[in-house]
Amino acid sequence: MTLIQIIVLSLIQGLTEFLPVSSSAHLILGSKVLNWPDQGLVFDVATHLGTLFAVLLYFRRDLWHMLRPWLVSEHQDDASRKLGVTLVLASIPAIAAGGLLHGWVEAALRDTRVIAFSTIGFGLLLWWADARFTRHKTLRDMGLKSGLIIGLAQMLALV
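-12 is the number of the first residue of the sequence shown in my numbering; add one for each residue after it.
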């Protein structure tokens, strides 16, 4: 890969990661549209790790508030502890699915037809969920059930 390809694809990753679209799909489509060879899963994972590092850096104080009740015994903040547990629980389904389906994900989900149909399907699902569930929740309202539902949705986001 050239430096220009790395920069362009990294920008695509950074700009699409926080939108309700698949940043991984946009990396694949970006290469196709620009007539570049498929950058491969290793590059995709590297850009996702870069995004994760940026998020961890940006939210370091919030993360410390969630971790502190676990690390410092005299500090008891039940809301932060609950949010930390919920985030861990929400991560488990996607991590498990990614580990179990690694080979299949790499082979099947890099196809533009799969990307097109899954984008349309999940777009319709997001539209339905937005129209159906108008209730607003705060972080304090998040419980283990919400975390598990979010985790299962994240598992589907592997597509």
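All residues carry an ideal CB built from backbone N, CA and C; glycine is no exception.
On a predicted model such as this, the values are computed, not experimentally measured, just so you know.
- Residue state for G130 is assigned as coil, using DSSP reduced to three classes.
- By the Cβ rule, the region 29 to 49 does not count as touching the region 127 to 143, because fewer than three pairs are nearer than 8 Å.
- By the Cβ test, the region 97 to 111 is not in contact with the region 64 to 73, since fewer than three Cβ pairs between them sit closer than 8 Å.
- The beta carbon of G71 lies closer than 8 Å to those of M53, L54, P56, W57 in the same chain, with the five residues before and after it left out.
- The C-alpha of F120 is placed about 12 Å away from the C-alpha of L112.
- With contacts defined by Cβ atoms closer than 8 Å, T34 and G134 do not form a contacting pair.
- Here H13 is buried. Its C-beta has 16 or more other C-beta atoms within 10 Å.
- When the five nearest sequence neighbours on each side are left out, the beta carbons in the same chain lying within less than 7 Å of the beta carbon of R127 are those of A66, in order along the chain.
- Taking C-beta atoms under 8 Å as the contact rule, A77 and I137 qualify, at a distance of about 4 Å.
- Between the alpha carbons of K132 and N22 lies a distance of about 44 Å.
- Judged by DSSP in its simplified three-state form, W23 adopts coil rather than helix or strand.
- Looking at V29, I(-7), Q0, the one whose alpha-carbon comes closest to that of V92 is V29.
- Per DSSP, T125 lies in no alpha helix (DSSP H) and is assigned neither H nor E.
- For A144, the secondary structure class from DSSP, reduced to helix, strand or coil, is coil.
- Distance from the Cα of Q26 is smallest, within the candidate group D117, L(-10), I107, for L(-10).
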